[in-house]
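Notes follow once the structure below has been shown.
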Amino acid sequence: MSHFLTMILFAAFVAIIFGIVGREKPSERFTYGAKIFAEFVGIGLALAWVLYWLPI
Amino acid sequence: MEESRTSTEKPGALAWLAGGLAWAVPGAGHFYQGHLVRGLLLGGTVLAMYVVGWLLGGHLYGLHNVPETGFLAYVFGFCDLGTGLLYLSSLLANIAVTDHAQLATSEYGDRFLMVAGLLNYLSMLDAFDIAAGRKK
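Those protein sequences? They're chains A and B, same order as listed. If you're matching positions, the first sequence starts at 1 in the working numbering and goes up one per residue. If you're matching positions, the second sequence starts at 1001 in the working numbering and goes up one per residue.
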């Protein structure tokens, strides 16, 4: 399994739980879950890009 | 006339039962209260995360100190314990308890197993709050 797919799976699992537990209305749950998912993936990619340029 | 519940009201035995069930079997606390879809989504997600973690080569920490990990082993063990009977039965069946990394992705697997436990703690609190009348 690629690192990217692992990150996508992790973000999806966390987003599902947070979406259900964090909001009361179904429409808000979906929006909140999508937001959590996008934040996980977006920040993960941004961090990966920053770390790529760091000399080891 | 029925009295409305407030957040200061003490949760009853059913709330503790729902919380305990949710910890023991992911999703069971919601099934018990008739929230089938919610229980299926929460329990299914925790279970899927646990299985992915195991397939990635993750290992479960016991609730004891490990020399190379130190005090953090207790913290990791507490996280893993969140999956309830899944964790306890895995320890008994010797599943995902290898001491050394078997796969290159084992670190990811460790995190998946731990976060599955932490998410089930959240699910447990959700089931408890619903049974106590604090949430819908």
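Positions of the beta carbon are idealized from the N, C-alpha and C atoms, including for glycine.
In the DSSP assignment, what residue or residues form a beta bridge with residue 1025 of chain B?
On the second sequence, position 25 is the one that residue 1025 of chain B refers to. The secondary-structure analysis by DSSP pairs residue 1025 of chain B with nothing; it has no beta-bridge partner.
Residue 1070 of chain B, DSSP secondary structure in three states:
Counting from 1 along the second sequence, the entry for residue 1070 of chain B is found at position 70. Strand, per DSSP.
Under a three-way DSSP split, which group does residue 1093 of chain B fall into?
Taking the second sequence and counting its residues from 1, the one referred to as residue 1093 of chain B is at position 93. Here residue 1093 of chain B sits in coil by DSSP.
Where does residue 1054 of chain B land, buried or exposed, given buried means 16+ other C-beta within 10 angstroms?
For the purposes of this step, residue 1054 of chain B is taken as residue 54 along the second sequence, with counting starting at 1. With 16 or more other Cβ atoms inside 10 Å of its own Cβ, residue 1054 of chain B counts as buried.
Could you check whether residue 1077 of chain B and residue 1063 of chain B sit closer than 8 angstroms to each other, using their CB atoms as the reference points?
Working through the second sequence from its first residue, we reach residue 1063 of chain B at position 63. Working through the second sequence from its first residue, we reach residue 1077 of chain B at position 77. Yes, the pair counts as a contact, with Cβ atoms nearer than the cut-off.
Verify the CB distance criterion: does residue 21 of chain A have a CB-CB separation below 8 angstroms to chain B?
What you label residue 21 of chain A is simply residue 21 of the first sequence in a count that begins at 1. Taking Cβ atoms only, chain B reaches closer than 8 angstroms to residue 21 of chain A, which makes this a yes.
Looking at chain A, which residues of the region 1112 to 1124 of chain B have a Cβ within less than 9 angstroms of any of its Cβ atoms?
Here the close residues are 1112, 1115, 1116, 1119, 1120, 1122 and 1123.
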